[in-house]
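Engineer:
Protein chains: 2
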Amino acid sequence: METAEGTPRRLRALPSRLANQAALSANRIVDRTLAGAGVRRYHYALLAALAEFGPASQAALGRRTGIDRSDMVATVNELADRRLLERAPDPADRRRNIVSITAAGGDRLADLDRLVADAQEEFLAPLPAADRRSLVDLLTRLVDHHGDRRRAEPGPEA
Amino acid sequence: METAEGTPRRLRALPSRLANQAALSANRIVDRTLAGAGVRRYHYALLAALAEFGPASQAALGRRTGIDRSDMVATVNELADRRLLERAPDPADRRRNIVSITAAGGDRLADLDRLVADAQEEFLAPLPAADRRSLVDLLTRLVDHHGDRRRAEPGPEA
DNA sequence: GACGACCGTGGGCGCGGCCAACGAGTTGCT
DNA sequence: AGCAACTCGTTGGCCGCGCCCACGGTCGTC
């Protein structure tokens, strides 16, 4: 029998790979769940950001969700088509669009929140509550340190 | 000032998102590091698997690294072009190719191992040793539970 | 000998995460 | 007032990863 082919130790023990594999699993679960409701992760993130902070420009929403400005255009388009949000020009700054969530969008978000919560449960299934807290804490510290943004500091002082 | 735009709580507290963001950071670091040596993650994984278990078929390597059979073809091609591994037909089973690492491939892998180790250090920088162990432990438990493979169990007995 | 399973290969797809560029608009400085 | 620097939305593109399907060749097994 040549079944039971294991992952190489070199890879299996690699924190970066572990993080990646865990994220893979998490994303698979969440994506499958959201797909059942006809949305992708970007859609959920955008609706969540809108519900949390109220209307904002696309650029600001991008900063909050980590979605690139160019990808934001398509994401807003898709959700606007479904009447889950609205895009209106900002009279005070004509460069900006003000994006706001609709009532239907709020309702939809509530549904998605439930689905996503279930997905978290599935993802974290093997861990008891205390370990879940540890995990969240550790991951939070990691992401807080390497700040999300592509920081290109100007190198050593000129 | 409208700077300091934060991530919505709903997202920030989401374990699946935290895992994803952490993996994002990890992958950015590792990818940048490997790119400096002219390779991608798939290349490193493949070389590591070869060095660890010796010559194997492409399908077996795919199972060990998590690389799809079709993607494996290209990966093997690229490394074979650089003489880091060799592909030879298996005389005992003419469906198979036997892929084996070359001396140059072994040398290269040793270099990459060092680079990857540095990358881990950078990724884990904010965590003291004890926390790193906790993290690895927690992540390992997560990935061990949802087994890597796309398991499609036949549902309830017919 | 026929069927099923497996292998390598080719082709394709979607998503997430990027970057470059442009025109319109705004802000800041002088 | 004028100009430079910046911001914003948008278009278009790129790449890597993770997948799937289908095909022809090859075992293995009944």
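In the order they appear, the protein sequences are chains A and B.
Here our numbering is used: the first residue of the first sequence is 1041, the next is one more, and so on.
Here our numbering is used: the first residue of the second sequence is 1041, the next is one more, and so on.
Ideal Cβ positions, reconstructed from N, Cα and C, are used throughout, including at glycine.
All figures in this text were calculated on a predicted structure; none of them were measured in a lab.
1. Contact check, L1152 (chain A) vs V1079 (chain A) under 8 angstroms by CB: the rounded distance?
2. Give, in chain order, every unbroken run of the alpha helix (DSSP H) that is at least 4 residues long and sits entirely within the stretch 1099 to 1150 of chain B.
3. Find the residues of chain A that neighbour Q1098 (chain B), judging by a C-beta separation of less than 9 angstroms, and give them in chain order.
4. CA-CA distance, E1126 (chain A) and L1051 (chain A)?
5. Can you tell me whether P1168 (chain A) is buried or exposed, with buried defined as 16 or more other CB within 10 angstroms of its CB?
6. Could you tell me which of A:R1109, A:L1178 and A:R1122 sits nearest to A1144 (chain A), measuring between CA atoms?
7. Using a threshold of 8 angstroms, state whether the C-beta atoms of P1048 (chain A) and A1063 (chain B) are closer than that.
8. Taking a contact to mean a Cβ-Cβ separation below 8 angstroms, would you say R1104 (chain A) touches G1046 (chain B) in this structure?
9. Does any residue of chain B have a CB that is nearer than 8 angstroms to the CB of A1198 (chain A)?
10. Indicate whether L1178 (chain B) and Q1160 (chain A) have their beta-carbon atoms separated by less than 8 angstroms.
11. Can you look up P1196 (chain B) in the DSSP assignment and give me helix, strand or coil?
12. Find the residues of chain B that neighbour V1176 (chain A), judging by a C-beta separation of less than 8 angstroms, and give them in chain order.
13. Is T1180 (chain A) close to chain B, meaning its C-beta is less than 8 angstroms from at least one C-beta of that chain?
14. Cutting at 7 angstroms between CB atoms, please list the residues of its own chain near V1183 (chain A), excluding the five before and the five after it.
15. Kindly indicate if chain B contains any beta-carbon less than 8 angstroms away from that of P1168 (chain A).
16. Exposed or buried, what is S1140 (chain B) when buried is set at 16 or more other beta-carbons lying within 10 Å of its beta-carbon?
17. Compute the beta-carbon to beta-carbon distance between A1150 (chain A) and N1137 (chain A), rounded to the nearest angstrom, for a pair I have assumed lies under 8 angstroms.
18. Beta-carbon within less than 6 angstroms of S1056 (chain A)'s beta-carbon, same chain only, minus the 5 sequence neighbours each way: which residues are those?
19. Could you tell me the boundaries of the alpha helix (DSSP H) in which S1174 (chain B) lies?
20. Whole angstroms are fine: how far does the CA of R1072 (chain B) sit from the CA of F1163 (chain B)?
21. Could you say which of A:A1100, A:L1074 and A:T1142 lies nearest to L1155 (chain A) if we only look at CA atoms?
22. Quick one: is N1117 (chain B) buried, meaning 16 or more other Cβ sit within 10 Å of its Cβ, or exposed?
23. Is there a C-beta anywhere in chain B that falls below 8 angstroms from the one on V1139 (chain A)?
24. Compute the Euclidean distance between the alpha carbons of N1067 (chain B) and R1134 (chain B), then round it to the nearest angstrom.
25. Measuring straight from C-alpha to C-alpha, what distance separates M1112 (chain B) and S1097 (chain A)?
26. Tell me whether R1081 (chain A) is buried or exposed, calling it buried when 16 or more other Cβ atoms sit within 10 Å of its Cβ.
27. Taking the straight line between their C-alpha atoms, what separation do you get for L1086 (chain B) and G1187 (chain B)?
28. Counting only beta-carbon separations shorter than 8 angstroms, does H1083 (chain B) have a partner in chain A?
Structural biologist: Walking through what the data contain:
1. Within the first sequence, residue 1152 (chain A) is the residue found at index 112, counting from 1. Within the first sequence, residue 1079 (chain A) is the residue found at index 39, counting from 1. That pair is a contact at about 7 angstroms.
2. 1109 to 1121
3. Here residue 1098 (chain B) is taken as the residue at index 58 of the second sequence, counted from 1. Result: empty, since nearest Cβ-Cβ is about 13 angstroms, beyond 9 angstroms.
4. In the first sequence, residue 1126 (chain A) corresponds to position 86, counting from 1. In the first sequence, residue 1051 (chain A) corresponds to position 11, counting from 1. Roughly 46 angstroms separates the two Cα atoms.
5. Here residue 1168 (chain A) refers to the residue found at position 128 of the first sequence. Exposed, by the Cβ-count rule.
6. Position 104 of the first sequence, counted from the start, is the residue given in the question as residue 1144 (chain A). It is A:R1122 whose Cα lies nearest to the Cα of A1144 (chain A).
7. Within the first sequence, numbered from 1, the residue matching residue 1048 (chain A) stands at position 8. Within the second sequence, numbered from 1, the residue matching residue 1063 (chain B) stands at position 23. Against a cut-off of 8 angstroms, the Cβ pair of A1063 (chain B) and P1048 (chain A) comes out as no contact.
8. As a working note, residue 1104 (chain A) is residue 64 in the first sequence. As a working note, residue 1046 (chain B) is residue 6 in the second sequence. Closer than 8 angstroms, so yes.
9. Mapped onto the first sequence, residue 1198 (chain A) falls at position 158. Its pLDDT being 28, under 50, A1198 (chain A) is placed unreliably in this model, and the value from its coordinates should be taken loosely. Output row for A1198 (chain A): interface = no.
10. Looking up residue 1178 (chain B) in the second sequence gives position 138. Looking up residue 1160 (chain A) in the first sequence gives position 120. Cβ atoms of L1178 (chain B) and Q1160 (chain A): not closer than 8 angstroms.
11. Reading the second sequence from its first residue, position 156 is the one you call residue 1196 (chain B). Low confidence applies here, because P1196 (chain B) scores a pLDDT of 39, under 50, leaving its location unreliable and the question unanswered by this model.
12. The sequence position of residue 1176 (chain A) within the first sequence is 136, counting from 1. Under the 8 angstroms cutoff, chain B gives A1053, P1055 and L1058.
13. Taking the first sequence and counting its residues from 1, the one referred to as residue 1180 (chain A) is at position 140. Yes - at least one Cβ of chain B is within 8 angstroms of the one on T1180 (chain A).
14. Taking the first residue of the first sequence as 1, we reach residue 1183 (chain A) at position 143. Excluding positions up to five away in sequence, the list is empty.
15. Residue numbering aside, residue 1168 (chain A) sits at position 128 when the first sequence is read from its first letter. False, the Cβ-Cβ gap to chain B never drops below 8 angstroms.
16. For the purposes of this step, residue 1140 (chain B) is taken as the residue at position 100 of the second sequence. Burial call: exposed.
17. What you label residue 1150 (chain A) is simply residue 110 of the first sequence in a count that begins at 1. What you label residue 1137 (chain A) is simply residue 97 of the first sequence in a count that begins at 1. That pair is no contact at about 25 angstroms.
18. Taking the first residue of the first sequence as position 1, residue 1056 (chain A) is located at position 16. So the list is empty, once near-sequence residues are dropped.
19. The residue given as residue 1174 (chain B) occupies position 134 in the second sequence. First-last of the alpha helix (DSSP H) with S1174 (chain B): A1169 to D1184.
20. Residue numbering aside, residue 1163 (chain B) sits at position 123 when the second sequence is read from its first letter. Residue numbering aside, residue 1072 (chain B) sits at position 32 when the second sequence is read from its first letter. Distance between the alpha carbons of F1163 (chain B) and R1072 (chain B): 12 angstroms.
21. Working through the first sequence from its first residue, we reach residue 1155 (chain A) at position 115. Here the closest residue by C-alpha is A:L1074.
22. Here residue 1117 (chain B) is taken as the residue at index 77 of the second sequence, counted from 1. Exposed, since its Cβ has fewer than 16 Cβ neighbours within 10 Å.
23. The sequence position of residue 1139 (chain A) within the first sequence is 99, counting from 1. With 8 angstroms as the cut-off, V1139 (chain A) does not count as an interface residue toward chain B.
24. On the second sequence, position 27 is the one that residue 1067 (chain B) refers to. On the second sequence, position 94 is the one that residue 1134 (chain B) refers to. Each residue's Cα considered, the two are about 37 angstroms apart.
25. By one-based count along the second sequence, residue 1112 (chain B) stands at place 72. By one-based count along the first sequence, residue 1097 (chain A) stands at place 57. Rounded to whole angstroms, M1112 (chain B) to S1097 (chain A) spans 43 angstroms at the Cα level.
26. Position 41 of the first sequence, counting from 1, holds the residue named residue 1081 (chain A). Classification for R1081 (chain A): buried.
27. Stepping through the second sequence from its first residue, residue 1086 (chain B) is reached at position 46. Stepping through the second sequence from its first residue, residue 1187 (chain B) is reached at position 147. Whole-angstrom Cα-Cα distance: 20 angstroms.
28. By one-based count along the second sequence, residue 1083 (chain B) stands at place 43. By this cut-off, H1083 (chain B) is not an interface position.
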